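Working notes for the structure below.
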Amino acid sequence: MRNTKSINTILFIMLILLAAGSVLASGELRGAHKENEIQCADCHGTDTPDSAAKTSACLSCHGDYKALAELTKDVEEANPHDNHMGEQPCKECHGIHKPSKLFCNDGCHNFDMTVK
Ligand code: HEC
Ligand code: HEC
Ligand code: HEC
């Protein structure tokens, strides 16, 4: 009994990893990037990416950190683009192929901000 249960658990975990893997490999986009038909190469520099996109690619369309900080200067709790953490890689907060997640809240803060 015990063995069947742990094999089932392993199979279940493998299935989840497989599903997550295929979403990444297909490079499925969400939100405004999907609507604006942003291409793989715009971010990855290639149509067949095998590693994460660099922050410099994001900056080429979205301007520098200063410009981003200007966009979010009125966010009440803290400016996500200008704070004591310096210039953090965009993907620390903005998920491109996965939901976004504010890394400030990983154990330190409890900000009530929504990241697109
Ligand atoms: C708007 C920018 C952007 C676009 C457009 C984009 N990607 Fe990505 N991609 C990223 C970022 C950032 C990561 C790493 C973080 C993440 O997964 O959100 C990533 C990660 C990946 C990975 C995982 C690489 C690894 O091993 O870490 C693959 C594969 C990938 N993208 C494929 C694609 C494909 C295929 C397309 C086009 C259909 C595409 N991406 C379009 C930004 C982009
Ligand atoms: C080829 C140009 C281009 C590149 C490269 C690009 N973006 Fe965008 N992005 C856009 C456009 C166009 C929009 C929609 C209009 C806007 O908000 O400026 C957008 C919207 C966004 C939004 C608002 C999200 C939403 O769904 O409303 C975020 C956040 C964002 N981009 C982050 C990133 C990050 C992080 C990267 C790098 C991994 C990146 N972008 C790369 C063009 C680009
Ligand atoms: C510390 C987390 C964090 C990092 C790192 C970060 N952002 Fe953001 N970003 C946010 C949050 C939070 C918002 C939404 C603020 C609000 O308006 O409430 C935002 C908003 C944005 C928007 C405006 C979206 C809209 O509402 O139209 C863009 C574009 C954007 N970020 C791009 C970037 C790019 C490009 C980088 C990397 C150079 C980056 N961000 C790095 C947290 C982050």
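All the letters of the sequence shown, read from the start, carry residue numbers 4 to 119 under the working numbering.
Heads up, the beta-carbon is just placed ideally off N, CA and C, and yes, glycines get one too.
These figures come from a predicted structure and were not determined experimentally.
Item to check | Buried or exposed by the 16-neighbour rule on C-beta atoms within 10 Å, applied to P92 | outcome: Counting from 1 along the sequence shown, the entry for residue 92 is found at position 89. It is exposed - the Cβ of P92 has fewer than 16 other Cβ atoms within 10 Å.
Next on the checklist: What I want to know is whether the C-beta of N86 ends up closer than 8 Å to one or more non-hydrogen atoms of ligand 3.
Outcome noted: Working through the sequence shown from its first residue, we reach residue 86 at position 83. It does: the Cβ of N86 is within 8 Å (strictly closer) of some heavy atom of ligand 3.
Item to check | Any non-hydrogen atom of ligand 3 closer than 8 Å to H65 Cβ | outcome: Along the sequence shown, one-based indexing puts residue 65 at 62. H65: yes, Cβ under 8 Å from ligand 3.
Item to check | Straight-line Cα distance separating T117 from L105 | outcome: Residue 105 sits at position 102 when you count from the first residue of the sequence shown. Residue 117 sits at position 114 when you count from the first residue of the sequence shown. Approximately 8 Å, taken between the alpha carbons.
Next on the checklist: Are the CB atoms of K119 and A56 within a distance shorter than 9 Å?
Outcome noted: In the sequence shown, residue 56 corresponds to position 53, counting from 1. In the sequence shown, residue 119 corresponds to position 116, counting from 1. Taking 9 Å as the Cβ cut-off, A56 and K119 do not qualify as a contacting pair.
Checklist entry - Going by other Cβ atoms of all chains shown within 10 Å of its Cβ, with 16 needed for buried, is P83 buried or exposed? => result Stepping through the sequence shown from its first residue, residue 83 is reached at position 80. Burial call: buried.
Item to check | Option nearest G98 by Cα separation, candidates T12, K37, T7, L14 | outcome: Counting from 1 along the sequence shown, the entry for residue 98 is found at position 95. Among T12, K37, T7, L14, the Cα nearest to that of G98 is on K37.
Checklist entry - Closest to K69 by CA distance: which of S63, T58, D85 is it? => result Position 66 of the sequence shown holds residue 69. It is D85.
Item to check | As assigned by DSSP and simplified to three states, the class of F106 | outcome: Against the sequence shown, residue 106 aligns to sequence position 103. F106 falls in the helix class under three-state DSSP.
Checklist entry - Closest to A60 by CA distance: which of M88, A44, T75, L74 is it? => result Looking up residue 60 in the sequence shown gives position 57. Ranking M88, A44, T75, L74 by Cα distance to A60 puts A44 first.
Checklist entry - Mind checking whether the beta-carbon of K119 lies closer than 8 Å to any heavy atom of ligand 1? => result Taking the first residue of the sequence shown as 1, we reach residue 119 at position 116. Outside the cutoff, so no.
Next on the checklist: Residues in the same chain with beta-carbon distance under 7 Å from C107, minus the five sequence neighbours each way, listed in chain order, please.
Outcome noted: On the sequence shown, position 104 is the one that residue 107 refers to. The answer, listed in chain order, is F114.
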